[in-house]
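Heads up: the sequence lines are chains A and B, in that order.
Once you know that position 212 of the first sequence is 211 in numbering that gives the first Met the number 0, the rest is easy, because the numbers rise by one and skip nothing.
Once you know that position 4 of the second sequence is 3 in numbering that gives the first Met the number 0, the rest is easy, because the numbers rise by one and skip nothing.
Yeah, the Cβ is synthetic: ideal placement off N, Cα and C, and Gly gets one too.
2 protein chains.
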Amino acid sequence: MADLELIRQLLERAGRAIESFSVPARPENLYAPVIYALEGGGKRMRPAAVFMGCAVYGDNLDDAVAPAVAVEVFHNFTLLHDDVMDDAPLRRGRPTVWKHYGLNTAILSGDVMLVRCYAELAKCHRDVLPELLDIFNRTATEVCEGQQLDMDFEGRTDVTLEAYLHMITLKTAVLLGASLQMGALVGGATPDEAAHLYQFGKLCGVAFQIQDDILDVYGDSAKVGKQVGGDILSNKKTFLLLKALEVADPDRRAELEYWTGPGDHDPAKKVQAVTHIYDELGIPAMAREKKERVYQGAREHLERAGGRVLTRQQIAAYFDRLLHRDH
Amino acid sequence: MADLELIRQLLERAGRAIESFSVPARPENLYAPVIYALEGGGKRMRPAAVFMGCAVYGDNLDDAVAPAVAVEVFHNFTLLHDDVMDDAPLRRGRPTVWKHYGLNTAILSGDVMLVRCYAELAKCHRDVLPELLDIFNRTATEVCEGQQLDMDFEGRTDVTLEAYLHMITLKTAVLLGASLQMGALVGGATPDEAAHLYQFGKLCGVAFQIQDDILDVYGDSAKVGKQVGGDILSNKKTFLLLKALEVADPDRRAELEYWTGPGDHDPAKKVQAVTHIYDELGIPAMAREKKERVYQGAREHLERAGGRVLTRQQIAAYFDRLLHRDH
Chain A
0 MADLELIRQL LERAGRAIES FSVPARPENL YAPVIYALEG GGKRMRPAAV FMGCAVYGDN
60 LDDAVAPAVA VEVFHNFTLL HDDVMDDAPL RRGRPTVWKH YGLNTAILSG DVMLVRCYAE
120 LAKCHRDVLP ELLDIFNRTA TEVCEGQQLD MDFEGRTDVT LEAYLHMITL KTAVLLGASL
180 QMGALVGGAT PDEAAHLYQF GKLCGVAFQI QDDILDVYGD SAKVGKQVGG DILSNKKTFL
240 LLKALEVADP DRRAELEYWT GPGDHDPAKK VQAVTHIYDE LGIPAMAREK KERVYQGARE
300 HLERAGGRVL TRQQIAAYFD RLLHRDH
Chain B
0 MADLELIRQL LERAGRAIES FSVPARPENL YAPVIYALEG GGKRMRPAAV FMGCAVYGDN
60 LDDAVAPAVA VEVFHNFTLL HDDVMDDAPL RRGRPTVWKH YGLNTAILSG DVMLVRCYAE
120 LAKCHRDVLP ELLDIFNRTA TEVCEGQQLD MDFEGRTDVT LEAYLHMITL KTAVLLGASL
180 QMGALVGGAT PDEAAHLYQF GKLCGVAFQI QDDILDVYGD SAKVGKQVGG DILSNKKTFL
240 LLKALEVADP DRRAELEYWT GPGDHDPAKK VQAVTHIYDE LGIPAMAREK KERVYQGARE
300 HLERAGGRVL TRQQIAAYFD RLLHRDH
């Protein structure tokens, strides 16, 4: 495994960038929830990806601070509004913003966060600003579309695996791609090089989501930090479930539809029964294989992204590690 | 009264600009509410102001289309989310977006509208883009702050007239100023000239709000198109109420507090009683005087904005007319 000293530095730098982000003290009811949302933590993977993208091509990491803050504030804005839409009471072990501050505050503080993302972007050098703005706008639009598709899927029984992959690409993967791409352009990449980093990040994002789907059922619960089988209990349409519905014979399909349909099932029995069907159908292996195939596609784009070979190697090693954890 | 042929053309052009705005067909649940929100109508005063600002300095009105669309989409975005926060069932005679499509859709469609504002701005020439972006970000932030202050005021009994004027400046006036300023910069104004147009628009915006407060009580109900005294019935803190509380002697103050305090009052009697107090205290004249003073300040900025004198005269005549209507 390559030495990840550079990556460690960039992650640390991303953390500092987010800490440096500040908002006015007043109106307190508008800005306190913004701070609360950002204090929740998280891996800061997206701002780190902006720095990584920049470091492949240049040494001007200071120029990456503004777009790094923009993508992290945007990510937390989406979580804030998504939690309202999903009626979610908890996030990272704390009450969600709407639970803590109320619905109206959650809506408006989210709005001002989105504006602040653009205020960060506006700090970027004017030579590269139009390109960054285009990427950010396209990506933010796609994230909204992905969230809408996700909500639409809840009420549908005809969601295909392909539609699911499209949805998660929009909802979660494009932002990682855009983070790397914006960093690359700030660092001096050509549009073509930056586009390869975008594809790398986007495909890694898809691989991450498939991995999350696997870990929700097959992860080490102590390490995952949440209840195993949560997706099964909430009838979430995951890669595992949709793949199982795709490959199951009519009997097994009926069994799956029984367990994921209406009716009061014992939670433990439900998780056990659905997991058993997944196992019999060989779903975990199929999911892992899909994840690896997607990730190999990502790696090919990284190979073709130009810039500094050693930096790209460290980035590859970092994503390798993240994509092969068991929690 | 000056001939307003140019203004008529610019208003018509603003209408066409908004009609030219389009969104993808899918996801339908995301984008149909955006169209619904924009179809509600409205005077299109803000996009027209962008064209007016441009026309004072240049003939490149095509360049004003993108920022004109941006400010109108932004304005409708704020109405959409405000209606959620205010629990408002109707807007311009139709069900509000959240009433028609549900809460989650209203939140997310609003979000994508805000992103689309920036996508419009991004179409502007790169020479002027950073300046437009800064103005738009500052203004959008202030509009959020104004909405928060407005919500904060609802629960307070110590709101001063000064605080109210600050709130309406942020919530409604700065966007009109920013519209003129962005148009001016697109048209080739110097930063100083554009700043004068900003002040003109902002002060006109304050004057409009004071006028709205007056018309709500003293307007011709048939022409206003809504119930006279609506603000009184909802205990809204308007210029009239706050001025009355400021100048009233203790007895009258107690009377006002009785009628605007808790308790079930007969609506017609309440409107009559509060209006009577306003009349006795001479509040309508004070409000009209304040409106005129603010508008005179606006006009001074318009005088100093440079550019084409004849165009500025038509703009002045247009705002004169709007600020002296009785409905």
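query                                                                                                                                                                                        : result
Tell me, please, which residues DSSP counts as bridged to P94 (chain B).                                                                                                                     : B:L89
Judging by CA-CA distance, which residue of B:G218, B:D86, B:Q210, B:G260 is the nearest neighbour of L321 (chain B)?                                                                        : B:Q210
Give me the Cα-Cα distance between F152 (chain A) and L184 (chain B), rounded to the nearest whole angstrom.                                                                                 : 45 Å
Look at the alpha carbon of L309 (chain B) and the alpha carbon of L301 (chain B), and state the distance between them as a whole number of angstroms.                                       : 12 Å
How big is the Cα-Cα spacing for D325 (chain A) and L214 (chain A)?                                                                                                                          : 7 Å
Can you tell me whether D62 (chain A) is buried or exposed? The criterion is at least 16 other CB atoms within 10 Å of its CB, across all chains shown.                                      : buried
Mind checking whether V293 (chain A) and L196 (chain A) have CB atoms under 8 Å apart?                                                                                                       : no
Could you spell out where the alpha helix (DSSP H) holding K242 (chain A) opens and where it closes?                                                                                         : 238-246
By how many angstroms is the C-alpha of K122 (chain A) removed from the C-alpha of L132 (chain A)?                                                                                           : 11 Å
DSSP state of T140 (chain B), grouped into three classes?                                                                                                                                    : helix
State the Cα-Cα distance for the pair L175 (chain B) and T138 (chain B), rounded to the nearest angstrom.                                                                                    : 10 Å
Evaluate P190 (chain A) with the Cβ neighbour count: other Cβ atoms within 10 Å of its Cβ, from every protein chain shown; 16 or more gives buried, anything less gives exposed.             : exposed
Does chain B have any CB closer than 8 Å to the CB of L37 (chain A)?                                                                                                                         : no
Inspect the beta-carbon positions of G306 (chain A) and Y100 (chain A) and report whether they are closer than 8 Å.                                                                          : no
Whose C-alpha, out of B:I167, B:Y217, B:G182, is nearest the C-alpha of F207 (chain B)?                                                                                                      : B:I167
Could you confirm whether any beta carbon from chain A is found closer than 8 Å to the beta carbon of A140 (chain B)?                                                                        : Here residue 140 (chain B) is Thr; the residue named in the question, Ala, does not match the sequence. Yes - at least one Cβ of chain A is within 8 Å of the one on T140 (chain B).
Going along the chain, which residues of the segment 116-143 of chain B sit with their C-beta nearer than 7 Å to a C-beta in chain A?                                                        : Y117, A118, A121, R125, L128, P129, L132, D133, N136, A139, T140, C143
Three-state secondary structure (DSSP) at M0 (chain B)?                                                                                                                                      : At M0 (chain B), the pLDDT of 47 sits below 50, so the modelled position is not reliable; the number obtained from the coordinates is stated separately. M0 (chain B) falls in the coil class under three-state DSSP.
Might you give, ordered along the chain, the residues of its own chain that have their beta carbon closer than 6 Å to the beta carbon of F238 (chain B), omitting 5 neighbours on each side? : I209, D212, A286
How far does the alpha helix (DSSP H) with T171 (chain A) in it extend, from its first residue to its last?                                                                                  : Careful: T171 (chain A) lies outside any alpha helix (DSSP H) and carries neither H nor E.
Can the beta-carbon of V68 (chain A) be found less than 8 Å from the beta-carbon of F20 (chain A)?                                                                                           : yes
To be precise: take each residue of the segment 79-99 of chain A, compare its Cβ to all Cβ atoms of chain B, and keep it if any distance is under 8 Å. Which residues remain?                : H80, V83, M84
Looking at the C-beta of P190 (chain B), does it have a partner C-beta in chain A at a distance below 8 Å?                                                                                   : no
Please list, in chain order, all residues of the same chain as M84 (chain B) whose beta carbon is under 8 Å from its beta carbon, the five residues on each side excluded.                   : Q146, M150
Following the continuous alpha helix (DSSP H) through S108 (chain A), name the residue where it begins and the one where it ends.                                                            : 102-120
Out of A:P32, A:M181, A:I282, state which residue places its alpha-carbon closest to the alpha-carbon of Q198 (chain A).                                                                     : A:M181
Would you grab the beta carbon distance between V70 (chain B) and P46 (chain B) for me? Rounded to a whole angstrom, and I think it's under 8 Å.                                             : 6 Å
In chain B, which residues lie with their C-beta within 9 Å of the C-beta of I167 (chain A)?                                                                                                 : The premise fails here: I167 (chain A) is roughly 14 Å from chain B at the closest Cβ pair, so nothing lies under 9 Å.
Determine the burial state of A193 (chain A): buried for a count of at least 16 other Cβ atoms within 10 Å of its Cβ, exposed for fewer.                                                     : buried
Quick one: list the residues of chain B neighbouring P26 (chain A), beta-carbon separation under 8 Å, in chain order.                                                                        : E144, Q147, L148, D151
At a Cβ threshold of 8 Å, is V246 (chain B) touching chain A?                                                                                                                                : no
By the 10 Å Cβ neighbour count, where 16 or more other Cβ atoms means buried, how is A48 (chain A) classified, buried or exposed?                                                            : buried
In whole angstroms, give me the CA-to-CA distance for M0 (chain A) and V114 (chain B).                                                                                                       : Residue confidence is low: M0 (chain A) scores 47 on pLDDT, short of 50, so the model does not pin down where it sits. No coordinate-derived value is stated.
Where does D81 (chain B) land, buried or exposed, given buried means 16+ other C-beta within 10 angstroms?                                                                                   : buried
For G306 (chain A), which three-state DSSP category applies?                                                                                                                                 : coil
Give the interface partners of L29 (chain A) over in chain B, defined as CB-CB distance under 8 Å, in chain order.                                                                           : C143, E144, Q147
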